[in-house]
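Working notes, beginning with the structure itself.
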Amino acid sequence: MAYINFIMGWKNQDLQVLKEICDPGLKVFFVDSDNQQVEYDYHQFINLLDIRFQNVQDWQFDIINRYNRNDEELILSNVTRENSQQELIEPLAFCIFTFKKSKEPKLIRMYMETKLNQQ
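Per our numbering, the sequence shown starts with residue 2, numbered consecutively.
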């Protein structure tokens, strides 16, 4: 269950753990409320996290469901982050994390819809 190590690494802002769990061929997609899509590769994603981790934040992952497809595991999760005063830093995001199942499971794809409002 690589996703648990991945989420714990992210919650603990442990960039080294995330570097090890992310596949070098990782593709990351972010879509914002203006329908703008940005694609990052492994290095761009790690650099983004490095910048985000400069400040202490409380990352929350609400796992909605898990699915298997061939040799992949897909994790659906809501994601929020708060500052040290427990104030929401940005609106809710919804993520699909895709991990390749193998001897050493790796995150191969991440898709995130950002700036969502809960109904």
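Note that beta-carbon positions come from the ideal geometry of N, C-alpha and C, so glycine has one too.
For residue 21, the uninterrupted alpha helix (DSSP H) segment begins and ends at 16-22. DSSP lists no beta-bridge partner residue for residue 57. Counted as a single uninterrupted DSSP element, the alpha helix (DSSP H) harbouring residue 12 occupies residues 3-12.
Contact holds between the stretch 39-50 and the stretch 11-29, because three or more Cβ pairs, one in each stretch, are under 8 Å apart. Listed in chain order, the beta strand (DSSP E) elements of length 3 or more contained wholly in the stretch 70-105 are 73-83, 93-101. Residue 53 and residue 72 have their C-alpha atoms spaced approximately 31 Å apart. Just so you know, the alpha carbons of residue 101 and residue 32 end up roughly 23 Å apart. The Cβ atoms of residue 14 and residue 86 lie no closer than 9 Å to each other. Residue nearest to residue 83 within the set 93, 118, 60 is 60 (criterion: CA-CA distance).
In this structure, residue 77 sits near residue 97, with a CB-CB distance shorter than 9 Å.
Taken through DSSP and simplified to helix, strand or coil, residue 36 comes out as coil. Within the model, the alpha-carbon separation for residue 8 versus residue 36 is close to 26 Å. Cβ contact annotation for residue 116 (same chain, cutoff 6 Å, sequence separation greater than five): 33, 34, 92, in chain order.
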